[in-house]
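Report on one structure; see the data block that follows.
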Amino acid sequence: MTTTMPTHRSSATVDGVEITRKRDTRGALLTVVTWILALGFFFPVLWMVLTAFKKESEAATDPPTFIFTPTLEQFREVFDAGIGTPLLNSLFATILSTILVLLLGVPAAFALSLRPVRKTQDALFFFISTKMLPIVAAIIPLYVIVGRIGMLDNIWTLVILYTAMNLPIAVWMMRSFFLEVPGELLEAASIDGASLWTSVREVILPLVSPGIAATALICVIFSWNEFFFAVNMTAVNAQTMPVFLTGFMSGQGLYWAQLSAASVLAALPVVICGWIAQNKLVRGLSFGAIK
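Sequential numbering from 1 applies to the sequence shown in UniProt numbering.
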């Protein structure tokens, strides 16, 4: 017995070391593959940023030019082309529609979760059913209606359409966040004498604030990137950034450097919003909606 026990122990130790090595190798391989995939997804963005600082002749070379002298010429060309108005239009439509979505969606989601109303499932199905109709099938009736009331090429038209477009998503997301909040909190607050509005403001909203931030950011992204409504409902006065970017595509070809510079400027607001809300965004995305 004294001679066999060490043998078993040593063999078990060797097996444990081999298993640990295999796990370490697997983990290192998975890390390398993850980095390769991440760099592959990020490379087009990096190439767009680099191209924005090239001259137009350097951006169109084949093979591509990797060594060049950076210049701000393309950004000056973009500002000279009148990026200010589309940028302000996109900011106005995105911010205002997101505020309206939150003002309408948060109470609706609360009523469908912690304080459920009659036929909750029917209401939820109605909200999500509005996303089932393809936009292209509704564009002609919308265009006729908007034209009849004289709202074509009007930024308020996009505000209304973006609000209607994002409201169902916001209701479903916020409902998931509210369902994560224990209903006993409202009961405890009411026992302490707090009104419903006080309970929601002081207890519920601070708990779901990460979810509100995540919902707001998704609405901002969807509104900022929306192209179909903007290109059909606007012309000059209410032109947004996605429509403005198409102006760098002509029958003579693409202005790669100017298009890249304009795309960098168009992406900056959303990147800045995501960077500001990153802490609450991570908490929000793991809180309920995409859990």
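Glycine included, each C-beta is placed from N, C-alpha and C at the ideal position.
Near phenylalanine 178, which residues of its chain fall below 7 Å by C-beta distance, leaving aside the five closest residues on each side in sequence?
Short of 7 Å from the beta carbon of phenylalanine 178, and not among the five residues preceding or following it, lie these beta carbons of its own chain, in chain order: Ala109, Phe110, Ser113, Leu114, Val208.
Considering just the uninterrupted stretch of the alpha helix (DSSP H) at alanine 123, what are its terminal residues?
From DSSP, the alpha helix (DSSP H) with alanine 123 extends over 120-129.
Would a C-beta distance cut-off of 8 Å place threonine 157 and methionine 151 closer than the cut-off?
The answer is yes: Cβ separation under 8 Å.
Proximity to glutamine 121 [Cα-Cα], best of Gly82, Val136, Arg175:
Here the closest residue by C-alpha is Arg175.
For a quick check, are the C-beta atoms of valine 78 and glutamine 258 less than 8 Å apart?
Yes; because the gap between Cβ atoms is below 8 Å, this pair is in contact.
Helix, strand or coil for methionine 241, going by three-state DSSP, please let me know.
If DSSP states are grouped into helix, strand and coil, methionine 241 belongs with the helices.
Hey, out of Leu103, Asn89, Thr34, whose CA is closest to isoleucine 212's CA?
Of the candidates Leu103, Asn89, Thr34, the one whose C-alpha sits nearest the C-alpha of isoleucine 212 is Leu103.
Count the other C-beta atoms from every protein chain shown that fall within 10 angstroms of the C-beta of asparagine 237, then say buried if there are 16 or more, exposed otherwise.
Counting Cβ neighbours within 10 Å, asparagine 237 comes out exposed, since fewer than 16 surround it.
The alpha helix (DSSP H) with glutamate 56 in it runs from where to where?
Taken as a continuous stretch (DSSP letters only), the alpha helix (DSSP H) holding glutamate 56 covers 56-59.
Have a look at leucine 161 and phenylalanine 229 and give me their C-alpha separation to the nearest angstrom.
Roughly 8 Å between the two C-alpha positions.
Give me whichever residues DSSP pairs with leucine 254 in a beta bridge.
In the DSSP output, where bridge partners are listed per residue, leucine 254 has Met249.
Nearest to leucine 268 by alpha carbon, out of Ala216, Leu87, Ala28?
It is Leu87 whose Cα lies nearest to the Cα of leucine 268.
Cβ shell of lysine 291 (< 7 Å), same chain only, five flanking positions each side left out:
Low local confidence applies: a pLDDT of 42 at lysine 291 is under 50, so the model's placement there is unreliable, and no value is given.
With burial defined as no fewer than 16 other Cβ atoms inside 10 Å of the residue's Cβ, what is the status of alanine 28: buried or exposed?
By the neighbour-count rule (16 or more Cβ atoms within 10 Å), alanine 28 is not buried but exposed.
For the alpha helix (DSSP H) that isoleucine 95 lies in, which residues bound it at each end?
Counting along the chain, the alpha helix (DSSP H) containing isoleucine 95 begins and ends at 84-111.
Would alanine 261 and valine 159 qualify as a contact pair, given that the criterion is a beta-carbon distance under 8 Å?
Contact annotation: alanine 261 and valine 159 have beta-carbon atoms that are not nearer than 8 Å.
For leucine 196, name the three-state secondary structure that DSSP assigns.
In the structure shown, leucine 196 sits in a helix (DSSP, three-state: H, G or I).
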